[in-house]
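Okay, so here's the structure we're looking at.
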């Protein structure tokens, strides 16, 4: 491992970075009242403890009150941020990890009705599609104030003891000045490229006056907007050279693309099913031509790709941000020769999609990420060994088995199917979502290493479970599609699972009714549309696929933008009946009122596919309850506090009984895994 390119130090001016791996600037939305308090600190310290070379906080910290974050973020314009950032920095420095922060003004990438209700501001009045605010075009006094705001924020970070800062210039105010698409100013800040860059260099000079020459300052920027009329790759190369020649910056952090639409953002930060490292060669070409310290990160989800990026000399530091959310111990595992144990990032993008809906970033299959103050990344051994029987080998059951195995328990898993994976295996039938199997494969490998026994083709009834003489039984049997809807004609429809599994072939004229709004409907729609079938996708909601967040929606929409597919919101499937060689579907709307004309409509099709969600499959749980000591009861206070479950409802019961995941209620993969982790870590 000593010669591993990823483990070589990198000298950045006076700062020695101990290896080439970094978390690029990102905002997991963990601040409290805009401050990086205990959870935020522990999130970064966990990665520092495992050997990360550089951790970048915030994506991006707001430098001014008229740059209100649209999701929870660090407020770098407040003096009170200094002691909090110092605590975080000092804690990471104890482990030899450098700390930087990204500073920005969002410009038009925010809304006037956030924060203090100040006008959004930009270099033009042009609205950004994603956030929809029409900004005020800056005046000279705005520019003076904004330069001062940037410098003030940089000075706060210097006072907090950080190793450096990074200015954000893709999709935010700084490159809104750069791009001819978003700058309609006249000279001296509008017009040719030199004028459009003037604001950036005015900011950099003001920062240097405050923080001096030794403090590290870099810029993360787009080298090519990939938009007609926008910044070209040639512009990006010219900007890169000017940043270097200015003597005001110490590194370049290169991205490619634009983030003003969901589609653009997803191309900049690709998700599963999209190419790995799509912008690495572009960043490498800038480094080659400009000959300046260059950082990069965009879907570098595995160690092999990261190693190639450094070994080939494409970049000096490589970002593995989402990968470190999946597994914070990547560097330690590389150093210890345990790469095969790294929990893979599967590109589900649950992390980023959540923050854009106002939630905290969570990894789809590492429930400890974002919960470092309450959930362990390393499972401690239990004081007493117990026999744990788990029914079901889907994501919930496999996580329960893994954690119980890490605890040192004797673990048996009973699975009705011939393979593990449950609904994840069904999801992975779609080529674009095959990476989801990493959730299953990693847990199977860990279970094998821990001595967990998995028995397939076992339909567990009470007798089979009791014969194992368990101390603990965990029912993780998942669920199955609701089969009693619509009330009239449910025997004439097929469900999305039938289509995804291949058990039912798509028809030629198909109505797909989605009442759940999750992945199953659009995955089935992709399969149906690809056959050339005439497809109508209908939902009773005002928008499609409410459970599929913005960036995950993009690949679906790209696959479904075709003439044979139509979308119908706000209508509901009422009934289905058989006609002459076809089906007759009756349609209504929740928006109809009593005194309106009858809104019922008809669709004549040859197939109706429905997605009504999941019904728990928990018969064995209810059959086992009378034999258990706790009757299946969970003390929620103890669960939340991280205390062992001690409920006794039946003193004659011989084992504790619990159920998790979709066997309780229809949720998602992350919820199932979190159920398992927080329950079993205390067994």
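In this note's numbering, the protein residues as written are 1 to 683.
Positions of the beta carbon are idealized from the N, C-alpha and C atoms, including for glycine.
What does DSSP give as the partner residue(s) for residue i in the beta ladder?
i: residue 538; result: 513 and 568
i: residue 656; result: 472
i: residue 616; result: 479
i: residue 588; result: 572
i: residue 21; result: 318
i: residue 628; result: 655
i: residue 121; result: 136
i: residue 26; result: 57
i: residue 605; result: 583
i: residue 100; result: 56 and 164
i: residue 15; result: 12
i: residue 32; result: 35
i: residue 610; result: 495 and 513
i: residue 363; result: 366
i: residue 577; result: 584
Please list the terminal residues of the continuous beta strand (DSSP E) segment that includes residue i.
i: residue 412; result: 410-414
i: residue 294; result: 294-296
i: residue 220; result: 216-222
i: residue 393; result: Segment: none, residue 393 is in no beta strand (DSSP E) and carries neither H nor E.
i: residue 61; result: 54-62
i: residue 251; result: 251-255
i: residue 523; result: That residue, residue 523, is in no beta strand (DSSP E); its alpha helix (DSSP H) goes 519-530.
i: residue 289; result: Where residue 289 is concerned, there is no enclosing beta strand (DSSP E), although the alpha helix (DSSP H) it sits in stretches over 280-290.
Is any non-hydrogen atom of the ligand FMN found closer than 8 Å to the C-beta of residue i, if you look at the structure I gave you?
i: residue 441; result: Of the ligands one can find in the structure shown there are none, so the ligand FMN has no counterpart to examine.
Could you name the residues of the same chain whose beta carbon sits closer than 6 Å to that of residue i, not counting the 5 residues immediately before and after it, in chain order?
i: residue 127; result: 134
i: residue 514; result: 521, 539 and 611
i: residue 271; result: 347, 349 and 551
i: residue 437; result: 428
i: residue 119; result: 112 and 136
i: residue 176; result: 107, 122, 123 and 182
i: residue 116; result: 65
i: residue 141; result: none
i: residue 244; result: 290 and 292
i: residue 75; result: 34 and 62
Ignore the nearest five residues each way along the sequence and tell me which others in residue i's own chain have a CB closer than 8 Å to its CB.
i: residue 498; result: 504 and 609
i: residue 188; result: 195 and 198
i: residue 670; result: 350, 362, 363, 364, 365 and 367
i: residue 677; result: 367, 368, 375, 399 and 403
Ignore the nearest five residues each way along the sequence and tell me which others in residue i's own chain have a CB closer than 7 Å to its CB.
i: residue 451; result: 405
i: residue 82; result: 156, 159 and 160
i: residue 263; result: 554
i: residue 306; result: 6, 21, 300, 318 and 320
i: residue 379; result: 403, 406, 407 and 681
i: residue 70; result: 110, 111, 114 and 131
Which stretch, first to last residue, makes up the alpha helix (DSSP H) that contains residue i?
i: residue 504; result: Taken as a continuous stretch (DSSP letters only), residue 504 belongs to no alpha helix (DSSP H), as it is neither H nor E.
i: residue 308; result: 303-311
i: residue 12; result: Not the alpha helix (DSSP H): residue 12 falls in the beta strand (DSSP E), residues 10-12.
i: residue 236; result: 233-246
i: residue 673; result: 669-680
i: residue 194; result: 193-211
i: residue 639; result: 636-641
i: residue 350; result: 350-356
i: residue 267; result: 262-268
i: residue 560; result: 550-560
Exercise. Would you say the region 573-581 touches the region 460-474, given that touching needs at least three Cβ pairs under 8 Å?
Worked result: no
For this session: Could you tell me which uninterrupted beta strand (DSSP E) segments, each at least 3 residues in length, are contained entirely in the region 126-181, listed from first to last along the chain?
Result: 164-169
Problem set entry | Segment contact, 8 Å Cβ cut-off, at least three pairs: the region 379-399 with the region 49-63 | no
For this session: Please go through the region 444-502 and give each complete beta strand (DSSP E) segment of 3 or more residues, from N-terminal end onward.
Result: 453-455, 472-475 and 479-481
Problem set entry | the region 350-366 in contact with the region 309-318 per 3-pair CB rule at 8 Å | no
Problem set entry | Touch test, the region 251-261 against the region 284-299, Cβ-Cβ under 8 Å, three pairs minimum | yes
Exercise. Considering only residues of the region 59-88, which uninterrupted alpha helix (DSSP H) runs meet the minimum length of 4 residues and lie entirely inside it, listed in chain order?
Worked result: none
Exercise. Do the region 61-76 and the region 144-155 meet, that is, are 3 or more Cβ pairs less than 8 Å apart?
Worked result: yes
Problem set entry | the region 412-424 in contact with the region 638-657 per 3-pair CB rule at 8 Å | no
Exercise. Do the region 612-626 and the region 462-482 make contact, defined as three or more Cβ pairs closer than 8 Å?
Worked result: yes
For this session: Ignoring anything shorter than 4 residues or poking outside the region 398-442, list the alpha helix (DSSP H) runs there in chain order.
Result: 423-427
For this session: Say whether the region 366-383 touches the region 324-333, bearing in mind that this needs 3 or more beta-carbon pairs closer than 8 Å, one atom from each stretch.
Result: yes
Exercise. Taking one C-beta from the region 222-232 and one from the region 163-179 each time, how about it: are there three or more such pairs within less than 8 Å?
Worked result: yes
For this session: Evaluate contact between the region 391-405 and the region 482-489, counting only Cβ atoms and requiring at least three cross-stretch pairs below 8 Å.
Result: no
Exercise. Do three or more CB pairs link the region 233-251 to the region 36-44 at distances below 8 Å?
Worked result: no
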